[in-house]
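In the working numbering, the protein residues as written are 6 to 126.
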């Protein structure tokens, strides 16, 4: 799922790890992307919902496709019985999360497997 990206996006960095205290694991890929946040939003909204992912907002309620939080998008889906969250965040020139500039410089995909079975973002 972390390979899923808009056509113009190119891989910049990747990593993974585990939280020993919670037992949750995560993986992340950061992509350069010359397009807009709206292009990213539309791409992931369509592609992930078609694959069975449910979109959420930060307060844990289902998200209307056009009412996303400033920080990005969040989707959830069980994978092999484990609650899995996929967060799409927008990156500025500095690499920091930023959706306020319509011309973003990149995006990050972070997948987290929650051992506590919590399916809320």
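Beta carbons are placed, not taken as given, at the ideal position from N, Cα and C, and that holds for glycine.
Option nearest residue i by Cα separation, candidates the options
i, options, result
"residue 11", "81, 22 and 40", "40"
"residue 81", "96, 94, 93 and 61", "61"
"residue 126", "48, 112 and 78", "78"
"residue 83", "47, 113, 110 and 117", "117"
"residue 119", "111, 96 and 30", "30"
"residue 52", "96, 20 and 7", "7"
Residue i classed as buried or exposed, judged by whether at least 16 other C-beta atoms fall within 10 angstroms
i, result
"residue 150", "There is simply no residue 150 to check, as the chain begins at 6 and stops at 126 in what is shown."
"residue 94", "buried"
"residue 115", "buried"
"residue 54", "exposed"
"residue 13", "exposed"
"residue 111", "buried"
N- and C-terminal bounds of the beta strand (DSSP E) containing residue i
i, result
"residue 85", "Where residue 85 is concerned, there is no enclosing beta strand (DSSP E), given that its DSSP letter is neither H nor E."
"residue 33", "30-37"
"residue 9", "No beta strand (DSSP E) contains residue 9, which DSSP labels as neither H nor E."
"residue 116", "111-119"
"residue 61", "59-61"
Backbone secondary structure at residue i - three-state DSSP
i, result
"residue 25", "coil"
"residue 126", "coil"
Start-to-end residues for the alpha helix (DSSP H) that takes in residue i
i, result
"residue 46", "42-55"
Beta carbon proximity, residue i to chain C, threshold 8 angstroms
i, result
"residue 86", "Among the chains in the structure shown there is no chain C, since it carries only a single protein chain."
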